[in-house]
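Enquirer: Residue numbers (the working numbering), protein chains in the order written: chain W, 24 to 241; chain C, 24 to 241.
Please find one structure pasted underneath; my questions will follow.
Protein chains: 2
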Amino acid sequence: MFTLAEENYLKTIFHLEHDSMCEVTTNAIAESIETKPSSVTDMVQKLAEKKMLTYKRYKGVQLTEEGKKVAAGVVRKHRLWEVFLVEKLHFHWDEVHEIAEQLEHIQSEELITRLDQFLGSPDFDPHGDPIPDKHGVLKRTEKKLLSEIEKNEQGVCVGVKESSPEFLQYLDKKKISIGTKISVLGKEFFDGSMIIQVGTEQFFISIKIAENLYVQTS
Amino acid sequence: MFTLAEENYLKTIFHLEHDSMCEVTTNAIAESIETKPSSVTDMVQKLAEKKMLTYKRYKGVQLTEEGKKVAAGVVRKHRLWEVFLVEKLHFHWDEVHEIAEQLEHIQSEELITRLDQFLGSPDFDPHGDPIPDKHGVLKRTEKKLLSEIEKNEQGVCVGVKESSPEFLQYLDKKKISIGTKISVLGKEFFDGSMIIQVGTEQFFISIKIAENLYVQTS
DNA sequence: AATTATTTTTAGGTTTAACTAAAAATATAA
DNA sequence: TTATATTTTTAGTTAAACCTAAAAATAATT
Ligand SMILES: [Mn+2]
Ligand SMILES: [Mn+2]
Ligand SMILES: [Mn+2]
Ligand SMILES: [Mn+2]
């Protein structure tokens, strides 16, 4: 099996590959995982020996099929636990990530099988992120960033890119959650800021907000 | 906070103190935790510096009040998770200990508060062991070992001393679980073996069984 | 009381996963 | 193209938690 540190590296590389759609650099991993590049080099060499990823010096890494499977397993556990915390223990969506970071490393196939059943085999976590199935397959849904929406268009919030407590609390304050309808009333060329309508309220948001909210346009 | 290893040592010493009712030796800890006595000495010196226990060379250790509190916290988490696994995920009572060994180390006050509520603040775990309250207080219930019961007396099974899968599966086979009424029909002086009645069945048990079953005599 | 046996500790070593500092490779700019 | 900047790797340390082997303390026998 894999150590806690190994699992964290695989998961992080998995996320970075999804974001950048190409090889992942040492520095990118170091920043995500909040460690030093030299530590990343060490671990990446270890994971390459274990055939979890391919690694060429100075050229970044790429997960193997096996590596992707292991990583998806960790992501699956993380997101299922987040659902449990919100649905069953009534945590708020900005409180669960930290705890799920620990729970994702509990080793027991049977536990996850039963947890999944107990939760009714959910497809998405509380932040709108898809939950990989038991084989590590992630079903892709089409969603755009709110920042990609044009003036006078509208969409339904289906997820967040960032899931820091700060951002989620901002969304709460603005009454935005998964399922909320958002209309773009105005969009500023210069800085990408927008005027949007949520329910009966209309207000200004910066590009930083718009770039971290996923919406689905029907 | 405490590391996983530190928590395991504190928990183990807590259990040993309860069993032996006096100072706990290095070898006893080593055996329980499946490690070498020299490793125990190292850790015990560290925990003494942290004021979790008192330690005099060659004289064994004793938990401080603070040490007992921390240990009871780990036991509380362990047992609450066991209840969750059995009551909510429908695990069998012989399958939960291993998983709870991992879950007991998840760090989050709030999580345990909510888990406890979710489970209806149970007083006992699936093996009949009492769950410490949030202040680390264990309410003592009077129970005897089945081996202490005399011929023609009877009792209700309220817990197990051992909780290895092998023993629990033996009990299942014999239809003994928490709440089961057991009558002692015969008792052999020489080896402590017994003939007992469970439901309509009567059968022979060795002292090893009788010494690991807790019963309450009304 | 002296010898032997057991328990416990110390000393020194290993592994994992970090770190710092310096060297090497690659990328960017002049 | 050469010089400079950035990224990445290597080399050498550190800390936690384990180990083995040997020494020291305590307990049990003769
Ligand atoms: Mn993690
Ligand atoms: Mn999430
Ligand atoms: Mn443990
Ligand atoms: Mn138990």
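By construction, the Cβ of each residue, glycine as well, lies at the ideal position given by its N, Cα and C atoms.
From a predicted model like this one, the values you see are computed outputs, not experimental measurements.
Taking the alpha-carbon positions, what's the H158(W) to T48(W) distance?
Expert: Along the first sequence, read from residue 1 onward, the residue named residue 158(W) stands at position 135. Along the first sequence, read from residue 1 onward, the residue named residue 48(W) stands at position 25. If I take the Cα positions, the gap works out to 27 Å.
Enquirer: Classify K167(W) as helix, strand or coil using the three-state DSSP reduction.
Expert: Walking along the first sequence from the start, residue 167(W) turns up at place 144. Correct three-state label for K167(W): strand.
Enquirer: Along chain C, which residues have their Cβ under 9 Å away from the Cβ of K198(W)?
Expert: Translated into the one-based positions of the first sequence, residue 198(W) becomes position 175. The contacting residues do not exist; K198(W) stays about 25 Å from chain C at best.
Enquirer: Can you tell me which residues form a DSSP beta bridge with P153(C)?
Expert: Position 130 of the second sequence holds residue 153(C). Listed as beta-bridge partners of P153(C) by DSSP are F147(C).
Enquirer: Is it the case that the CB of K162(C) approaches a heavy atom of ligand 1 more closely than 8 Å?
Expert: The residue labelled residue 162(C) in the question sits at position 139 within the second sequence. K162(C) Cβ: outside cutoff for every heavy atom of ligand 1.
Enquirer: Quick check on this structure: which residue in E40(W), L39(W) and V63(W) has the alpha carbon closest to the alpha carbon of A28(W)?
Expert: As a first step, residue 28(W) must be located in the first sequence, where it is residue number 5. Comparing Cα-Cα distances from A28(W) to each of E40(W), L39(W) and V63(W), the minimum goes to V63(W).
Enquirer: Less than 8 Å between the CB atoms is what I'm expecting for K242(C) and V106(C), so what's the real figure, rounded?
Expert: This structure gives no information on residue 242(C), because the portion of chain C shown stretches from 24 to 241.
Enquirer: Terminal residues of the continuous alpha helix (DSSP H) containing Y193(C)?
Expert: Here residue 193(C) corresponds to residue number 170 of the second sequence, with the count starting at 1. For Y193(C), the uninterrupted alpha helix (DSSP H) segment begins and ends at P188 to K196.
Enquirer: Do we get a CB-CB distance below 9 Å when we pair L108(W) with the residues of chain C?
Expert: Here residue 108(W) is taken as the residue at index 85 of the first sequence, counted from 1. Yes, L108(W) lies at the interface with chain C (some Cβ there is under 9 Å from its Cβ).
Enquirer: Please return the same chain residues whose Cβ sits closer than 7 Å to the Cβ of D153(C), not counting the five positions on each side in sequence.
Expert: Position 130 of the second sequence, counting from 1, holds the residue named residue 153(C). Looking at the sequence provided, one finds Pro at residue 153(C) rather than Asp. Taken in chain order, the residues that qualify are D146, F147, L161, K162 and T164.
Enquirer: Quick check: what's the CA-CA separation for G83(C) versus G151(C)?
Expert: On the second sequence, residue 83(C) is found 60 positions in, with the first residue counted as 1. On the second sequence, residue 151(C) is found 128 positions in, with the first residue counted as 1. Rounded to the nearest angstrom, the two C-alpha atoms are 30 Å apart.
Enquirer: Hey, how far is the Cα of W104(C) from the Cα of S131(C)?
Expert: By one-based count along the second sequence, residue 104(C) stands at place 81. By one-based count along the second sequence, residue 131(C) stands at place 108. So the two alpha carbons sit approximately 13 Å from each other.
Enquirer: Specify the secondary structure class of F124(W) as computed by DSSP and reduced to three states.
Expert: Counted from its first residue, the first sequence places residue 124(W) at position 101. The sequence as given places Glu at residue 124(W); Phe does not occur at that position. Helix.
Enquirer: Counting only beta-carbon separations shorter than 9 Å, does H38(C) have a partner in chain W?
Expert: Translated into the one-based positions of the second sequence, residue 38(C) becomes position 15. For H38(C), the answer is no, since every Cβ of chain W falls outside 9 Å of its Cβ.
Enquirer: Are the beta-carbon atoms belonging to I56(W) and V67(W) less than 9 Å from one another?
Expert: Numbered from 1 along the first sequence, position 33 holds the residue referred to as residue 56(W). Numbered from 1 along the first sequence, position 44 holds the residue referred to as residue 67(W). In this structure, V67(W) does not lie closer than 9 Å to I56(W) by Cβ.
Enquirer: With 9 Å as the limit, tell me which residues of the stretch 95–120 of chain C have their beta carbon closer than that to any beta carbon of chain W; keep them in chain order.
Expert: Here the close residues are L108, K111, L112, H113, F114 and E118.
Enquirer: Pairs of beta-carbons, one from the stretch 227–235 of chain C and one from the stretch 209–219 of chain C, closer than 8 Å: are there three or more?
Expert: yes
Enquirer: Taking E30(W) and V109(W) to be in contact with their CB atoms under 8 Å, please state how far apart those CB atoms are, rounded to whole angstroms.
Expert: Against the first sequence, residue 30(W) aligns to sequence position 7. Against the first sequence, residue 109(W) aligns to sequence position 86. So it is not a contact: roughly 23 Å between Cβ atoms.
Enquirer: Compute the distance between the beta-carbons of V221(W) and L169(W), then report whether it is under 9 Å.
Expert: Reading the first sequence from its first residue, position 198 is the one you call residue 221(W). Reading the first sequence from its first residue, position 146 is the one you call residue 169(W). No, these two residues do not count as a Cβ contact at 9 Å.
Enquirer: Apply the 10 Å Cβ neighbour rule to E72(W) and answer buried if 16 or more other Cβ atoms are within range, or exposed otherwise.
Expert: Position 49 of the first sequence, counting from 1, holds the residue named residue 72(W). Classification of E72(W): exposed, given that the 10 Å Cβ count is below 16.
Enquirer: Terminal residues of the continuous beta strand (DSSP E) containing L76(C)?
Expert: Taking the first residue of the second sequence as position 1, residue 76(C) is located at position 53. Element bounds for L76(C): L76 to Y78.
Enquirer: Can you find a CB in chain C that lies within less than 9 Å of the CB of E29(W)?
Expert: By one-based count along the first sequence, residue 29(W) stands at place 6. It does not: the Cβ of E29(W) has no partner Cβ on chain C nearer than 9 Å.
Enquirer: So R137(W) and H101(C) are supposed to be a Cβ contact under 8 Å. How far apart are they, rounded?
Expert: What you label residue 137(W) is simply residue 114 of the first sequence in a count that begins at 1. What you label residue 101(C) is simply residue 78 of the second sequence in a count that begins at 1. So it is not a contact: roughly 18 Å between Cβ atoms.
Enquirer: Within the continuous alpha helix (DSSP H) that includes Y32(W), where are the two ends?
Expert: As a working mapping, residue 32(W) is identified with position 9 in the first sequence. Taken as a continuous stretch (DSSP letters only), the alpha helix (DSSP H) holding Y32(W) covers L27 to S43.
Enquirer: Can you give me the start and stop residues for the alpha helix (DSSP H) that G90(C) sits inside?
Expert: For the purposes of this step, residue 90(C) is taken as the residue at position 67 of the second sequence. Taken as a continuous stretch (DSSP letters only), the alpha helix (DSSP H) holding G90(C) covers E88 to V106.
Enquirer: CB S241(C) to CB G178(C), shorter than 9 Å?
Expert: Along the second sequence, one-based indexing puts residue 241(C) at 218. Along the second sequence, one-based indexing puts residue 178(C) at 155. Cβ distance < 9 Å, so S241(C) and G178(C) count as in contact.
Enquirer: In the DSSP assignment, the beta strand (DSSP E) including L208(C) goes from what residue to what residue?
Expert: Mapped onto the second sequence, residue 208(C) falls at position 185. That run of the beta strand (DSSP E) goes K204 to K210.
Enquirer: Is there a C-beta anywhere in chain C that falls below 9 Å from the one on I230(W)?
Expert: Here residue 230(W) corresponds to residue number 207 of the first sequence, with the count starting at 1. Taking Cβ atoms only, chain C never reaches closer than 9 Å to I230(W), which makes this a no.
Enquirer: Put L236(C) into one of helix, strand or coil per three-state DSSP.
Expert: Here residue 236(C) is taken as the residue at index 213 of the second sequence, counted from 1. Three-state DSSP puts L236(C) in a strand.
Enquirer: Looking at the unbroken alpha helix (DSSP H) that takes in F141(W), where does it start and where does it end?
Expert: Counting from one through the first sequence, the residue named residue 141(W) turns up at place 118. Note, F141(W): alpha helix (DSSP H), E132 to F141.
Enquirer: Compute the minimum distance between the beta carbon of Q177(W) and the heavy atoms of ligand 3, and state whether it is under 8 Å.
Expert: The count along the first sequence starts at 1 and reaches residue 177(W) at position 154. When distances are taken from the beta-carbon of Q177(W) to the heavy atoms of ligand 3, even the shortest one reaches 8 Å or more.
Enquirer: Given this structure, state the Cα-to-Cα distance separating I135(W) from H115(C), to the nearest angstrom.
Expert: Start at 1 with the first residue of the first sequence, and residue 135(W) comes out as number 112. Start at 1 with the first residue of the second sequence, and residue 115(C) comes out as number 92. In a straight line, the C-alpha of I135(W) is about 15 Å away from that of H115(C).
Enquirer: Taking only beta-carbon positions, decide if L138(C) is within less than 9 Å of chain W.
Expert: Counted from its first residue, the second sequence places residue 138(C) at position 115. Yes - at least one Cβ of chain W is within 9 Å of the one on L138(C).
Enquirer: Would you verify that the beta carbon of L70(W) is, or is not, closer than 9 Å to some beta carbon of chain C?
Expert: Working through the first sequence from its first residue, we reach residue 70(W) at position 47. No, L70(W) lies away from the interface with chain C (no Cβ there is under 9 Å from its Cβ).
Enquirer: Does E122(W) get closer than 9 Å to chain C when you measure Cβ to Cβ?
Expert: Taking the first residue of the first sequence as 1, we reach residue 122(W) at position 99. Reading off the sequence shown, one finds Ile at residue 122(W), where the question assumed Glu. For I122(W), at least one C-beta of chain C is nearer than 9 Å to its own C-beta.
Enquirer: In chain order, what residues of the same chain have a beta carbon less than 6 Å from the beta carbon of P188(C), not counting five sequence neighbours either side?
Expert: The residue you call residue 188(C) lines up with position 165 of the second sequence. Closer than 6 Å at Cβ, skipping near neighbours: D117.
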